[in-house]
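Residue numbers (the working numbering): 402 to 709.
Just so it is clear, CB atoms sit at the ideal spot from N, CA and C, and this is done for glycine as well.
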Amino acid sequence: MHTVAQGTVHPHQDHTHQLDTDTSFGTVLTTTMSAANMTAGDNFENKGMGEKASQANPMEQYLILAKGAKGAAAVQLVKQVLEAPEVYVFGELLDMSNITALKNNAQHAPYYELLQLFAYGVYGDYVRESAKFPQLTPAMLTKLRHLTIVSMATGQKSIPLPTLGNQLGLSSTRELEDLIIEAMYTDIIHGKLDQKNGILELDHAIGRDIKPEDLPDIVATLQSWCDTCDTMLSNIDQLITRANSDKERHLKHRNSLETEVLNIKASLKSQVQEGDEALVSDSRDHDKKRPPKKGIRASSAKFWPKSS
């Protein structure tokens with residue numbers, strides 16, 4: 402709210418038009434960002450998914466502001482983005498027309514170059530071409546060193562601390578270790594700091610922006626990967642077909658064996674039954690042919706004469 406000429410307070414007065422001419426662009430941007438945040442808060446109230454999407458993309462609020470920021474205001478926006486602790490990807494901002502227009506102004510062009518440095522470059526690039534960049538604030542310098550660690554992590558998973566210190570322009574081991582720990586807490590790298598052996602072991606790092614000139618190589622790499630996947634899928638299909646054929650042949654062979662076993666069992670059972678019937682028949686025939694046995698009394702009369 403601002404005081405109008407009569408000294409009364411008007412609750413709906415436009416903030417932008419009431420600013421004095423000597424107000425800094427940083428104040429303008431801060432006021433505009435606060436208003437944008439309030440508006441975003443009103444729009445996304447009672448929309449849980451909207452709030453999660455906004456938190457997942459910290460660059461979103463800066464992209465909204467970039468649509469209306471031109472000239473010096475756009476420069477202030479770039480400064481705030483480069484100092485923002487949660488922003489490490491800048492490609493979307495570089496594609497904004499108001500930001501791209503900075504390179505056509507000699508006074509503002511260094512900040513466009515600085516934004517490109519943070520998007521694609523490393524600390525060593527800043528040291529070699531420091532004359533074409535504006536001076537970095539401590540927050541910017543820390544972020545650029547973090548991004549340098551991320552770039553080094555893409556090419557190697559184990560980095561000696563002396564090598565890392567040389568790339569980051571840090572001679573103090575304590576400062577280097579503090580920077581690495583801060584990068585881990587910021588969640589841009591995952592790994593282990595081996596102080597005993599003087600090595601940074603990296604497991605994971607965030608992805609950085611891709612230079613437009615690198616896109617053909619990336620496309621070629623992805624196409625090669627797709628071709629390899631197609632070949633592997635074709636080989637897998639052939640193996641599946643062969644396995645199914647072998648399975649079908651095995652089932653047929655198994656069914657044939659089971660049928661043969663059943664036939665053999667039936668044949669053996671039939672033979673056993675025929676054998677049992679033959680044995681019974683032979684036994685009956687033999688009993689018929691056997692002479693009858695004489696009694697004991699009849700035979701005993703021959704050996705014992707009658708008494709007189």
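- Three or more beta-carbon pairs separated by less than 8 Å link the stretch 487-501 to the stretch 465-479, which places the two stretches in contact.
- A direct Cα-Cα distance of roughly 15 Å separates Arg546 from Ser531.
- Lys612 and Tyr586 have their alpha carbons spaced roughly 27 Å apart.
- Put simply, the stretch 590-597 does not touch the stretch 526-541. Fewer than three CB pairs are less than 8 Å apart.
- As computed with DSSP, Pro561 is found in a beta bridge with Ile600.
- Between Tyr521 and the set Ala667, Ala474, Ile550, Ile560, the nearest pair of CA atoms involves Ile550.
- DSSP, read as helix, strand or coil, puts Asp496 in coil.
- Contact check between the stretch 606-626 and the stretch 567-583: fewer than three CB pairs, one atom from each, fall below 8 Å, which does not count as touching.
- In this structure the stretch 473-493 touches the stretch 509-523; the number of beta carbon pairs closer than 8 Å is three or more.
- Residue range 524-529 is occupied by the alpha helix (DSSP H) that includes Asp526.
- For Leu516, the uninterrupted alpha helix (DSSP H) run begins and ends at 510-521, by DSSP.
- In terms of Cβ geometry, Gly472 and His509 form a close pair [threshold 8 Å].
- Residues of the same chain with a CB within less than 8 Å of the CB of Asn506, apart from the 5 flanking positions on each side, are Gly472 in chain order.
- Taken through DSSP and simplified to helix, strand or coil, Gly592 comes out as strand.
- With contacts defined by Cβ atoms closer than 8 Å, Ala644 and Leu603 do not form a contacting pair.
- When only Cα atoms are considered, Ser625 and Lys504 end up about 37 Å apart.
- Going by DSSP, Val476 is part of the alpha helix (DSSP H) stretching over 473-484.
- Take Tyr463, set aside five residues on each side of it, and the residues of its chain with a beta-carbon closer than 6 Å to its own are Val482, in chain order.
- Cβ-Cβ distances below 7 Å link Asp610 to Val490, Phe491, Gly492, Ala520, Tyr521 in the same chain, with the five nearest sequence neighbours on each side left out; the list follows chain order.
- In the three-state reduction of the DSSP assignment, Ala470 falls in the coil class.
- Ala606 sits in a strand when the DSSP states are folded into three classes.
- Proximity to Val488 across Ser635, Pro563, His651, Lys544 peaks at Lys544, based on C-alpha coordinates.
- In the three-state scheme derived from DSSP, where H, G and I count as helix and E and B as strand, Pro613 is classed as helix.
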